[in-house]
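Written below as structure tokens is the structure these notes are about.
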Amino acid sequence: MARFIEGQDRHQITLLPESLDDFIAEDNAVRVVDAFVNELDLAELGFEGVQAAETGRPSYHPTVLLKIYVYGYLNRVQSSRRLERECQRNLELMWLTGRLAPDFKTIADFRRDNGKGIRGACRRFVELCGTLKLFSQAAVAIDGSKFKAVNSRDRNFTPAKIEKRKQQIEESIQRYLDALESADRTHPGEFVAKTDRLKDKIKTLREQMRRMDGLKQQLDQQPDKQISLTDPDSRSMMSQAKGTGVVGYNVQVAVDTKHHLVVAHEVTNVGSDRAQLTKMAQAARDAMDKPRLRAYADRGYFNAPQIKGCADVGIVPFVPKPMTSNAKSDGRFDKRDFIYIAKDDEYQCPAGQRAIHRFTSEENGLKIRRYWSSACPQCPIKAQCTPSDNRRISRWEHEAVLQAMQRRLDQQPEAMTLRRCTVEHVFGTLKHWMGSTHFLTRRLVNVGTEMSLHVLAYNLKRVINILGIARTMKAVSSMGT
Numbered sequence: 408m409a410r411f412i413e414g415q416d417r418h419q420i421t422l423l424p425e426s427l428d429d430f431i432a433e434d435n436a437v438r439v440v441d442a443f444v445n446e447l448d449l450a451e452l453g454f455e456g457v458q459a460a461e462t463g464r465p466s467y468h469p470t471v472l473l474k475i476y477v478y479g480y481l482n483r484v485q486s487s488r489r490l491e492r493e494c495q496r497n498l499e500l501m502w503l504t505g506r507l508a509p510d511f512k513t514i515a516d517f518r519r520d521n522g523k524g525i526r527g528a529c530r531r532f533v534e535l536c537g538t539l540k541l542f543s544q545a546a547v548a549i550d551g552s553k554f555k556a557v558n559s560r561d562r563n564f565t566p567a568k569i570e571k572r573k574q575q576i577e578e579s580i581q582r583y584l585d586a587l588e589s590a591d592r593t594h595p596g597e598f599v600a601k602t603d604r605l606k607d608k609i610k611t612l613r614e615q616m617r618r619m620d621g622l623k624q625q626l627d628q629q630p631d632k633q634i635s636l637t638d639p640d641s642r643s644m645m646s647q648a649k650g651t652g653v654v655g656y657n658v659q660v661a662v663d664t665k666h667h668l669v670v671a672h673e674v675t676n677v678g679s680d681r682a683q684l685t686k687m688a689q690a691a692r693d694a695m696d697k698p699r700l701r702a703y704a705d706r707g708y709f710n711a712p713q714i715k716g717c718a719d720v721g722i723v724p725f726v727p728k729p730m731t732s733n734a735k736s737d738g739r740f741d742k743r744d745f746i747y748i749a750k751d752d753e754y755q756c757p758a759g760q761r762a763i764h765r766f767t768s769e770e771n772g773l774k775i776r777r778y779w780s781s782a783c784p785q786c787p788i789k790a791q792c793t794p795s796d797n798r799r800i801s802r803w804e805h806e807a808v809l810q811a812m813q814r815r816l817d818q819q820p821e822a823m824t825l826r827r828c829t830v831e832h833v834f835g836t837l838k839h840w841m842g843s844t845h846f847l848t849r850r851l852v853n854v855g856t857e858m859s860l861h862v863l864a865y866n867l868k869r870v871i872n873i874l875g876i877a878r879t880m881k882a883v884s885s886m887g888t
């Protein structure tokens, strides 16, 4: 092998072996992980096992196991079995843990039993980002995305799925019964093996039918008429991006618009984003410690009480209204063509007539005021307005809040572009890190813990990219002071 770079003989005995620290460069991200976890007050955050028991077999300190998980999620190694192997062969993990190699069961149990502490560590890092003045713009983009659970689509049932499956089973049973009748009529006494096989298949299908009936009874007791067998908390949800469903969870995040750091997150098993705006905006404001906050969200978050809830606590929402009016698509005037006269509490229609307040009703807990004009039946442009006798206009009692938000959107046309550029790539990065399986754990509380580890690793990597290793190490080391 002349003129090639040659390695050392693997059997060569060294007189003075190098220390593990010699293998870890000063600008290695694993040093940030080590410094960050060392500065955490694990007992205050809610970790179990911080104080060693006086009797029994010694256990691993939570600091060691937390370092393993933060390092693993930072390097796209989330499985407890893979982390066990990495502890035995990965020099960075050997350096991080002092050559400790817990078994996979110990690693998995730590994640399951310390959800509160792990979520606290994630919040603590967001607080560190605040002290570093990384949230200077006081603006967040809020969005939700569907993440797959360990539950497959075949093990998730709804009334429609059960009826379709029962119909398929009935068709299969009838097909096998016809095959048995044909065999008995044309070849009586022959093909015994085939006949026995068909009878076994019919027996199996009838057992499946009884199982479907049992699942249908369980569905009747579920409030959302849905049941998942592998992960009971996962739900079938529509995915707008693909136009298909996914069995999983709806992950909500609030992302800082300047440095794209995740300041707040929550895992839900509700497929709709409609009721999530106020909760996520308030969580982001508290995490960023900002008295005033701008919150950008897409049309899926448009909900009048939620928008008013944000305004009541000093959060300025930017949420476009869904285009649900059939009038515009049919070539008629829609509500935006009617001008509200606040001092008179009346609407001016495109024909110049006034629609006055007629009555107030309550719909879905909201007080709705109704307006129309007596001039509608004789209006020369009535065909462009309504096919009914009168064009009725509905107005929520707090409609001014929605109108003020629409004016803000008109004055800031790039608002939705800012939202999209801020939050979409965060979800793309997280799903790329997770791989095709996404979540590995079951149950909502455990999935929430797993998501906190992903968010902590993502934020840690973002801060390292923004500040560099040296400045991040200095900031992390000053956390306890």
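Using the numbering used here, the letters of the sequence shown correspond one by one to residues 408 to 888. Yeah, the Cβ is synthetic: ideal placement off N, Cα and C, and Gly gets one too.
Can you give me the C-alpha to C-alpha distance between residue i and residue j, rounded to a whole angstrom?
i, j, result
"residue 475", "residue 415", "30 Å"
"residue 819", "residue 534", "30 Å"
"residue 717", "residue 710", "11 Å"
"residue 757", "residue 721", "35 Å"
"residue 854", "residue 848", "6 Å"
"residue 737", "residue 792", "10 Å"
"residue 794", "residue 787", "13 Å"
"residue 477", "residue 483", "10 Å"
"residue 399", "residue 566", "Nothing can be reported for residue 399: it is not among the residues displayed for the chain, which extend from 408 to 888."
"residue 767", "residue 780", "16 Å"
"residue 690", "residue 523", "17 Å"
"residue 746", "residue 810", "11 Å"
"residue 546", "residue 705", "15 Å"
"residue 429", "residue 480", "24 Å"
"residue 805", "residue 631", "31 Å"
"residue 592", "residue 585", "11 Å"
"residue 420", "residue 876", "35 Å"
"residue 525", "residue 824", "33 Å"
"residue 551", "residue 785", "49 Å"
"residue 466", "residue 511", "14 Å"
"residue 412", "residue 418", "18 Å"
"residue 886", "residue 569", "55 Å"
"residue 772", "residue 712", "10 Å"
Opposite residue i in the DSSP bridges: which residues?
i, result
"residue 675", "657"
"residue 823", "Residue 823 pairs with nothing; no bridge assigned."
"residue 753", "748"
"residue 803", "775"
"residue 768", "775"
"residue 722", "700"
"residue 762", "754"
"residue 549", "661"
"residue 646", "651"
Counting only the same chain and skipping the five closest in sequence on each side, list residues whose C-beta sits under 6 Å from that of residue i.
i, result
"residue 870", "879"
"residue 576", "612, 615, 616"
"residue 587", "605"
Do residue j and residue i come within 9 Å of each other at the CB atom, strictly closer than that value?
i, j, result
"residue 707", "residue 681", "yes"
"residue 762", "residue 769", "no"
"residue 443", "residue 862", "no"
"residue 790", "residue 760", "no"
"residue 528", "residue 452", "yes"
"residue 563", "residue 634", "yes"
"residue 774", "residue 803", "yes"
"residue 449", "residue 473", "yes"
"residue 627", "residue 676", "no"
"residue 799", "residue 777", "yes"
"residue 742", "residue 801", "yes"
"residue 850", "residue 638", "yes"
"residue 664", "residue 544", "yes"
Can you give the beta carbon distance from residue i to residue j, rounded, assuming they're within the 8 Å contact cut?
i, j, result
"residue 521", "residue 455", "6 Å"
"residue 858", "residue 658", "6 Å"
"residue 572", "residue 619", "6 Å"
"residue 697", "residue 542", "7 Å"
"residue 808", "residue 714", "6 Å"
"residue 692", "residue 684", "That belief does not hold up - the Cβ atoms of residue 692 and residue 684 are roughly 12 Å apart, past 8 Å."
"residue 530", "residue 856", "Rounded, the Cβ-Cβ distance is 13 Å, inconsistent with contact."
"residue 678", "residue 556", "Incorrect: roughly 13 Å between the Cβ atoms, too far for contact."
"residue 537", "residue 695", "6 Å"
For residue i, which residues in the same chain have their Cβ closer than 8 Å to its Cβ, ignoring the five residues on either side in sequence?
i, result
"residue 833", "660, 662, 667, 669, 865"
"residue 652", "560, 643, 644, 645, 646"
"residue 514", "472, 475, 476, 487, 490, 491"
"residue 796", "783, 784"
"residue 431", "437, 438, 498, 499, 502"
Below 7 Å CB to CB, which residues in the same chain sit around residue i once its five sequence neighbours on both sides are set aside?
i, result
"residue 822", "703, 725, 816"
"residue 471", "504, 507"
"residue 836", "865"
"residue 582", "none"
"residue 441", "474, 503"
"residue 622", "564, 569, 634"
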